[in-house]
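J.:
Residue numbers (my numbering): 80 to 438.
Rendered as structure tokens:
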């Protein structure tokens, strides 16, 4: 039997639909308002300085370093924060900063594309960036002028971490958070700022956080830790990072969580990419971490060097006669692990400081 709906019934359904849409819009509005109220205004200052850094032993490089250090200072903020970042160029060449991964919704002028979204920051000048920290994730900042030189071989990069309003299930488990920025350097141009970044360049030094093995630091953990590795590829080289003795989850790519994390023990990272790896420290010992591209584990063509370090459990003795780091000072914040535990802000790291370049 067929019943025809009355006009009154149709009108009631239509009104109910409108009410539900209104309530949904209201819910979204107040949710957004709540996050806005939680956000804070933060002001930071960056300088760009001609700086000499040492990759390993006597291999020095002329860089254009943020605040005189490579990697640049960690910027750690939370979702929705209003950021004001004053950048002063103390070098002799023009620069801009691109905030890689930030949406710049309504703030396209802050994207850092030279002579498109903004004029270049000329020597001696200052430019102030204003934008919201959106979305949450693992991002980085870098120069956007002559990228093949300034980013690939002059150290103009640093980490930008935006915490989410609500942590993912994997994030909730994390007990230690490490930042590893991988890069490559052609020594031919080491002391020739303003040159390089051309076809035919041969990179012959490879680094984690601007240091080559054995100047890298061990990654120290204890059994039971749930570790997050934030891996960045900052130069024009493809890396293949392998962790011995463990299986990790590839949880995020370029700041965004994957719908289904992938189990692996090696991850291929192309220029500009970021991967967040999550791993249980469940196999006490001393385990190698290295690039699986053979030449990336050399210094000037000589093994062993480059992108190489170890995961070292607290339970393991450190008195072996062959132990590389036995007589060296351990730097707890080499991977920004200590800074990531602190309240939000911009973090200078003395371990990455270079020396002012001769004028």
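Even for Gly, the Cβ is constructed at its ideal location relative to N, Cα and C.
As the structure is a prediction and not an experimental result, all values here were calculated from the model.
Looking at the structure shown, is residue 149 part of a helix, part of a strand, or coil, going by DSSP?
T.: Here residue 149 refers to the residue found at position 70 when the chain shown is read from its first residue. Residue 149 falls in the coil class under three-state DSSP.
J.: Counting only runs of 3+ residues fully inside the stretch 214 to 283, write out the beta strand (DSSP E) ranges in chain order.
T.: Listed in chain order, they are 216 to 222, 236 to 242 and 255 to 264.
J.: Looking at residue 221 and residue 155, is the spacing between their C-beta atoms short of 8 Å?
T.: For the purposes of this step, residue 155 is taken as the residue at position 76 of the chain shown. For the purposes of this step, residue 221 is taken as the residue at position 142 of the chain shown. No.
J.: Which term fits residue 30, buried or exposed, when burial requires 16 or more other beta carbons within 10 angstroms of its beta carbon?
T.: Residue numbering for the chain in the displayed model covers 80 to 438; residue 30 lies beyond these limits and cannot be assessed.
J.: Quick one: grab the DSSP three-state call for residue 312.
T.: For the purposes of this step, residue 312 is taken as the residue at position 233 of the chain shown. In this structure, residue 312 counts as strand in the three-state DSSP scheme.
J.: Residue 144 by DSSP, collapsed to three states: which one?
T.: For the purposes of this step, residue 144 is taken as the residue at position 65 of the chain shown. In the structure shown, residue 144 sits in a strand (DSSP, three-state: E or B).
J.: Going by DSSP in three states, residue 128 sits in which element: helix, strand or coil?
T.: Here residue 128 is taken as the residue at index 49 of the chain shown, counted from 1. Strand, per DSSP.
J.: Whole angstroms is fine: what's the gap from residue 247's alpha carbon to residue 364's?
T.: As a first step, residue 247 is located in the chain shown; it is residue number 168 there, counting from the start. As a first step, residue 364 is located in the chain shown; it is residue number 285 there, counting from the start. Going by the C-alpha atoms only, they are around 29 Å apart.
J.: Check the DSSP bridge columns for residue 161 and list the partner residues they point to.
T.: Locating residue 161 in the chain shown gives position 82, counting from the first residue. Partner(s): 120 and 211.
J.: Find out if the Cβ-Cβ distance for the pair residue 150, residue 172 is shorter than 8 Å.
T.: Within the chain shown, numbered from 1, the residue matching residue 150 stands at position 71. Within the chain shown, numbered from 1, the residue matching residue 172 stands at position 93. Not a contact, by the Cβ cut-off of 8 Å.
J.: Report yes if the CB atom of residue 153 is closer than 8 Å to the CB atom of residue 418, and no otherwise.
T.: Numbered from its first residue, the chain shown carries residue 153 at position 74. Numbered from its first residue, the chain shown carries residue 418 at position 339. Against a cut-off of 8 Å, the Cβ pair of residue 418 and residue 153 comes out as a contact.
J.: Less than 8 Å between the CB atoms is what I'm expecting for residue 174 and residue 226, so what's the real figure, rounded?
T.: By 1-based counting over the chain shown, the position of residue 174 is 95. By 1-based counting over the chain shown, the position of residue 226 is 147. Their Cβ separation, rounded to whole angstroms, is 11 Å, which puts residue 174 and residue 226 out of contact at 8 Å.
J.: Report the residue from 348, 176 and 422 whose alpha carbon sits nearest the alpha carbon of residue 127.
T.: Within the chain shown, residue 127 is the residue found at index 48, counting from 1. If we check each option's Cα against that of residue 127, 176 comes out closest.
J.: Might you give, ordered along the chain, the residues of its own chain that have their beta carbon closer than 7 Å to the beta carbon of residue 268, omitting 5 neighbours on each side?
T.: As a working note, residue 268 is residue 189 in the chain shown. So the qualifying residues of the chain are 232, 274 and 275.
J.: Kindly indicate which three-state DSSP category residue 383 falls into: helix, strand or coil?
T.: Here the question's residue 383 lines up with position 304 in the chain shown. Coil at residue 383, not helix or strand.
J.: With a 10 Å radius around its C-beta and 16 neighbouring C-beta atoms as the bar for buried, classify residue 272 as buried or exposed.
T.: Locating residue 272 in the chain shown gives position 193, counting from the first residue. It counts as buried.
J.: Compare the C-beta of residue 127 with all C-beta atoms of chain C and state if any pair is closer than 8 Å.
T.: Judged by its chain identifiers, the structure shown contains no chain C, having just a single protein chain.
J.: Using 8 Å for Cβ pairs, my map puts residue 305 next to residue 254. What's the rounded Cβ distance?
T.: Stepping through the chain shown from its first residue, residue 305 is reached at position 226. Stepping through the chain shown from its first residue, residue 254 is reached at position 175. Indeed, because the Cβ distance is near 5 Å, the residues count as touching under 8 Å.
J.: By the DSSP assignment, the beta strand (DSSP E) with residue 319 in it spans what residues?
T.: Within the chain shown, residue 319 is the residue found at index 240, counting from 1. Run containing residue 319: 318 to 322, per the beta strand (DSSP E) assignment.
J.: Secondary structure at residue 373, three-state DSSP: helix, strand or coil?
T.: Along the chain shown, read from residue 1 onward, the residue named residue 373 stands at position 294. Helix.
J.: Would the beta-carbon of residue 215 fall within 8 Å of that of residue 284?
T.: By 1-based counting over the chain shown, the position of residue 215 is 136. By 1-based counting over the chain shown, the position of residue 284 is 205. Result no, Cβ atoms of residue 215 and residue 284 do not sit closer than 8 Å.
J.: If we count the other Cβ atoms within 10 Å of its Cβ and call it buried at 16 or more, is residue 314 buried or exposed?
T.: Translated into positions along the chain shown, residue 314 becomes position 235. Label assigned to residue 314: buried.
J.: Can you look up residue 417 in the DSSP assignment and give me helix, strand or coil?
T.: What you label residue 417 is simply residue 338 of the chain shown in a count that begins at 1. DSSP places residue 417 in helix when its eight states are reduced to three.
J.: Leaving out five residues before and five after residue 377 in sequence, what residues of the same chain have Cβ atoms less than 7 Å from its Cβ?
T.: Residue numbering aside, residue 377 sits at position 298 when the chain shown is read from its first letter. Counting only Cβ-Cβ distances below 7 Å, and skipping sequence neighbours, we find 384 and 385.
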